[in-house]
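Report on the following structure.
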């Protein structure tokens with residue numbers, strides 16, 4: 001059909017100008033192409049010919065009105081009010097028709113709509129319990145106007161009458177288009193398509209010499225290639241990482257998603273009876289079920305301080321379970337990795353490694369930790385360490401919680417640190433992230449004392465949201481590792497998801513992470529700058 005219209009236009013244009021495509025009588029038709037479908041078909045043919053520069057055309061927009069199904073019915077049967085008037089007897093005839101009877105005669109919709117308009121026009125009146133005609137004759141203007149719109153697409157009375165018909169949903173506006181067509185620079189009555197590729201067969205046969213090739217448009221823009229895009233979480237992660245590195249921190253290795261109960265809880269002085277270690281808060285592994293043993297001497301010191309106390313503590317005075325300590329689980333916090341690193345940092349203090357790297361035997365399993373004689377100092381070196389990685393908790397998912405999320409973990413180890421130092425550092429760190437509105441609330445953690453929860457104000461949720469936890473690591477955790485008594489360690493963990501939500505104005509974490517996240521939002525999210 002498209003090719004036949006193209007050929008028809010070329011043939012017609014070869015002998016006559018085309019000033020209005022609505023006057024064309026297309027192949028297979030006996031009437032001019034005034035309807036919208038015909039003009040759409042003509043437009044497709046014109047665009048195909050235009051791409052080959054065989055023609056050029058100008059488009060003209062039109063605006064007309066067509067009848068709705070209700071309007072078509074009224075143009076045939078008359079308006080609702082006219083049908084009501086026609087169904088009623090003449091006033092003074094001694095009879096009348098009740099509204100219920102009227103509905104049975106002309107239908108519910110016509111009776112319901114027509115009565116009001118007929119009363120308004122003064123065509124009908126009440127007579128006892130029924131209705132009768134109030135005038136001997138009427139002029140059905142609505143039917144007359146709809147028939148005029150149906151035949152001409154407009155109304156001679158102007159826009160006011162059309163607006164009233166549109167308000168009554170009897171007509172709707174319809175946009176149309178028609179075209180003026182002229183010959184192009186490559187005009188021809190032949191619709192043979194030009195070749196788009198130079199093939200091997202053309203070269204071998206010599207057909208390329210007489211072939212007509214499609215002109216290349218070297219100014220056309222190419223298709224924009226899709227490239228990779230960083231998720232907002234990764235953008236914020238990189239910014240946080242840069243903040244830590246700027247402040248002199250070193251990054252900890254955090255590749256162990258699976259940890260033992262010892263490193264995730266026991267080494268941090270979390271009691272073995274703590275509710276967080278139950279199944280409702282922790283994901284335990286069913287296979288394998290048992291971890292490798294930690295260093296024997298250190299394991300003995302940790303179990304002893306849990307069960308009997310030491311280092312100024314009375315301990316938990318609860319039975320120690322080797323089976324609980326050797327359970328394997330998905331780590332609930334990256335503090336397990338911090339415990340590994342702090343234990344290695346304390347090796348020099350334990351006298352296990354000298355300044356030149358010479359290894360010594362571990363300290364005895366009983367009594368205080370002894371340092372190898374001959375060292376110039378106690379071996380401690382200050383350290384600032386951080387990590388950003390995933391942790392897992394058996395949480396109920398809601399707008400601010402997931403079962404898997406990222407934790408930003410940091411520790412600072414030095415002599416004489418205080419809680420004021422920790423609060424000051426937190427304020428500087430969050431200020432670099434662009435979060436000024438902070439609150440600190442005293443809290444309880446088994447492995448830090450004192451402890452603080454960190455809250456930031458979320459402008460989208462219009463409330464304070466917890467973004468982290470912090471505190472000073474307890475002596476019961478540090479001294480069994482071998483640290484001197486005057487060495488204190490700041491520890492804190494903050495969420496990666498919640499600062500990202502605050503930064504990007506996201507009020508539901510499930511639209512940040514998960515299968516509902518649209519790829520477009522990842523591609524278009526701006527780079528974050530703290």
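Numbering (UniProt numbering), first residue to last: 1 to 530. Even for Gly, the Cβ is constructed at its ideal location relative to N, Cα and C. Remember, it's a predicted structure, so these values are computed and weren't measured experimentally.
- Under the criterion of beta carbons closer than 8 Å, residue 337 and residue 254 qualify as touching, at roughly 5 Å.
- For residue 24, same chain residues with a beta-carbon under 6 Å away, outside a window of 5 residues either side, are 33 in chain order.
- Annotation for residue 445: the continuous beta strand (DSSP E) segment containing it runs 438–445.
- In the structure shown, the three-state DSSP call for residue 14 is helix.
- Rounded to whole angstroms, the gap between the alpha carbons of residue 81 and residue 514 is 59 Å.
- In terms of Cα proximity to residue 173, the closest of 188, 202, 157 and 64 is 64.
- Judged by their CB atoms, residue 480 and residue 236 are not nearer to each other than the 8 Å cut-off.
- DSSP, read as helix, strand or coil, puts residue 455 in strand.
- DSSP, read as helix, strand or coil, puts residue 179 in strand.
- It is roughly 26 Å from the alpha-carbon of residue 129 to the alpha-carbon of residue 140.
- Less than 8 Å divides the Cβ of residue 495 from the Cβ of residue 468.
- Between residue 493 and residue 333 the beta-carbon gap is near 6 Å, inside 8 Å, which marks them as a contact.
- Here residue 35 is exposed: its Cβ has fewer than 16 other Cβ atoms, across all protein chains shown, within 10 Å.
- For residue 156, the three-state secondary structure derived from DSSP is coil.
- Looking at the backbone, the Cα of residue 335 and that of residue 228 are separated by about 32 Å.
- With a cut-off of 8 Å on Cβ pairs, the stretch 40–57 is in contact with the stretch 175–190, counting three or more such pairs.
- Per DSSP, residue 407 is one residue of the beta strand (DSSP E) stretching across 404–415.
- For the pair residue 331 and residue 259, the CB atoms are nearer than the 8 Å cut-off.
- A check of alpha carbon separations from residue 247 across 11, 432 and 516 identifies 432 as the nearest.
- Residue pairing from DSSP places residue 469 in a beta bridge opposite 453 and 493.
- Distances from the alpha-carbon of residue 13 to those of 123, 79 and 188 put 188 closest.
- Take residue 142, set aside five residues on each side of it, and the residues of its chain with a beta-carbon closer than 7 Å to its own are 74 and 79, in chain order.
- Note on geometry: alpha-carbon atoms of residue 4 and residue 507 lie some 58 Å from one another.
- Counting the other CB atoms within 10 Å of its CB gives residue 415 a total below 16, which places it among the exposed residues.
- For residue 339 and residue 418, the gap between their C-alpha atoms comes out near 20 Å.
- In this structure, residue 68 lies near residue 170, with their beta-carbon atoms less than 8 Å apart.
- About 6 Å separates the Cβ atoms of residue 96 and residue 131, confirming a contact at the 8 Å cut-off.
- The secondary-structure analysis by DSSP pairs residue 308 with nothing; it has no beta-bridge partner.
- In this structure, residue 249 places its C-beta atom within 8 Å of the C-beta atom of residue 385.
- Taking the CA atoms as reference points, residue 38 sits about 10 Å from residue 44.
- When rounded, the separation of the alpha-carbon atoms in residue 511 and residue 291 is 37 Å.
- Per DSSP, reduced to three states, the secondary structure at residue 464 is strand.
- Counting the other Cβ atoms within 10 Å of the Cβ of residue 497 gives 16 or more, which makes it buried.
- When DSSP states are grouped into helix, strand and coil, residue 82 belongs to the helix group.
- With a cutoff of 8 Å on beta-carbon distance, residue 423 and residue 456 are scored as not near each other.
- DSSP places residue 57 in no alpha helix (DSSP H) but in the uninterrupted beta strand (DSSP E) bounded by 55–67.
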